[in-house]
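In terms of this note's numbering, the sequence shown opens at residue 307 and continues consecutively.
Where is the CB? At the ideal position from N, CA and C, for every residue including glycine.
Keep in mind the model is a prediction, meaning the values are calculated, not measured.
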Amino acid sequence: MRTAIQLDPQEDAAPARRLRSLPSLEQQHRAYLMQRIEDYKDSLSREMLMRLGDDAASELHGARSDQFVMTEMLMQETVDQQIIERLKLPSFRRWRSKILPLREAQRSPTRWGMSTVDPVALVLPRLEPGDRALVIGTGAERAVYLLAAHDLEIHCLIGDTTAATKIEGTLASESLSGQCEAFVVMLGHWIPAAVNGPYHLVVIDAATVQSLTPDRQRSLMIQAQQRTAPEGLHALVSSDADIAPESCLRHYPDWQKIPPPPGGPTGRSNEPGLRGFLLSGPPIRPSGLSSVK
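Next up, the structure:
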């Protein structure tokens, strides 16, 4: 994640290098294929998966027994190739001509019903591929799609199975599911061990927070803050015209609100989008992850 100073257009220094190099087009294509292959495997029954393995074994029947490890690798490659052919997945050349324009469109906030001045959209220049994001609450689901399109690694905490299934379905249909893992949890009580951070961006749906009891609200916000990277930001957002993101500010006594850019919206708006604001944390984050279960 790049700092605000690195992005300051008034800085005379040479543009700062990214902390991570961007993946090559070949790497992106391979990741696309593997994602589609895994999605397909997840959709199959155990019996159908076994049948794929049997077909691969038949193709490799002539392999020598002392090459067992290599044969196992070849079987996996053969199964993957069968799936590629069955799904008619594009070659690198065709992918580059068709999928890349789709990815470009997916990286626009407006594709997901968001304004370019919504907080999640405003923070995009600071984020880099491979940065980690935590999205909490059903009302912030459109942030999941936008961040996934920008190649962030996302964990999503949702309070009900139906909403999680919807998010996973949209990600799969947009070929973005490899970027996100959704967890159905009782918010404010327990967080899976895999959701351990540190996160460069935490997006929190204010309506979800308001639906919890005061004790669970406090617990959830502490959990989120403890898992935030030192340079990380929180985006408090709302897609509900009747719920203001400011309702969550009492949980951030030591955090600093980042002012919107000149000409940006101020105050409450009833326009569709994912309105809200960004917060930067205190110099020293709250510690003791194990203190809040």
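Given L507 as reference, the closest of L440, E474, A478 and R524 once Cα atoms are compared: Along the sequence shown, one-based indexing puts residue 507 at 201. With distances taken between Cα atoms, L507 lies closest to L440.
Measure the C-alpha to C-alpha separation of G475 and H461 and round it to an integer number of angstroms. As a position in the sequence shown, residue 475 is number 169, starting the count at 1. As a position in the sequence shown, residue 461 is number 155, starting the count at 1. Spanning the two alpha carbons is a distance of roughly 15 Å.
Could you give the C-beta distance for C486 and V509, rounded to a whole number, given that I count them as a contact under 8 Å? Counting from 1 along the sequence shown, the entry for residue 486 is found at position 180. Counting from 1 along the sequence shown, the entry for residue 509 is found at position 203. 12 Å between Cβ atoms; not a contact.
Reducing DSSP to helix, strand and coil, say where G359 ends up. What you label residue 359 is simply residue 53 of the sequence shown in a count that begins at 1. Helix, per DSSP.
In DSSP terms, what H461 is bridged to: Within the sequence shown, numbered from 1, the residue matching residue 461 stands at position 155. Paired residues: L440 and E487.
In chain order, each alpha helix (DSSP H) run of at least 4 residues that lies wholly inside the stretch 397-438: Counting whole runs of 4 or more residues, the stretch 397-438 contains the alpha helix (DSSP H) stretches 398-412 and 425-428.
Whether or not the stretch 454-469 and the stretch 483-502 are in contact is what I'm after, with contact meaning three or more pairs of Cβ atoms, one per stretch, closer than 8 Å; do they touch? yes
Between the alpha carbons of E382 and R533, how many angstroms are there, rounded? Working through the sequence shown from its first residue, we reach residue 382 at position 76. Working through the sequence shown from its first residue, we reach residue 533 at position 227. For the record, residue 382 in the displayed sequence is Gln; it is not Glu. Approximately 37 Å, taken between the alpha carbons.
Per DSSP, which residues does R524 bridge with? Please list them. For the purposes of this step, residue 524 is identified with residue 218 of the sequence shown, where counting begins at 1. Looking at the DSSP assignment, R524 forms no beta bridge with any residue, so it has no partner.
Given 8 Å, three or more beta-carbon pairs between the stretch 416-427 and the stretch 389-397: no
Taking the alpha-carbon of S414 as reference, which of K404, P431, R400 and Q529 has the nearest alpha-carbon? For this step, residue 414 is matched to residue 108 along the sequence shown. Of the candidates K404, P431, R400 and Q529, the one whose C-alpha sits nearest the C-alpha of S414 is P431.
Is the closest heavy atom of the ligand HEM to the C-beta of F398 under 7 Å? Ligands displayed in this structure: none; no statement on the ligand HEM is therefore possible.
Do you know whose CA, among M307, P567, Q334 and V515, lies nearest A446's CA? Here residue 446 is taken as the residue at index 140 of the sequence shown, counted from 1. Ranking the options by Cα distance to A446, first place goes to V515.
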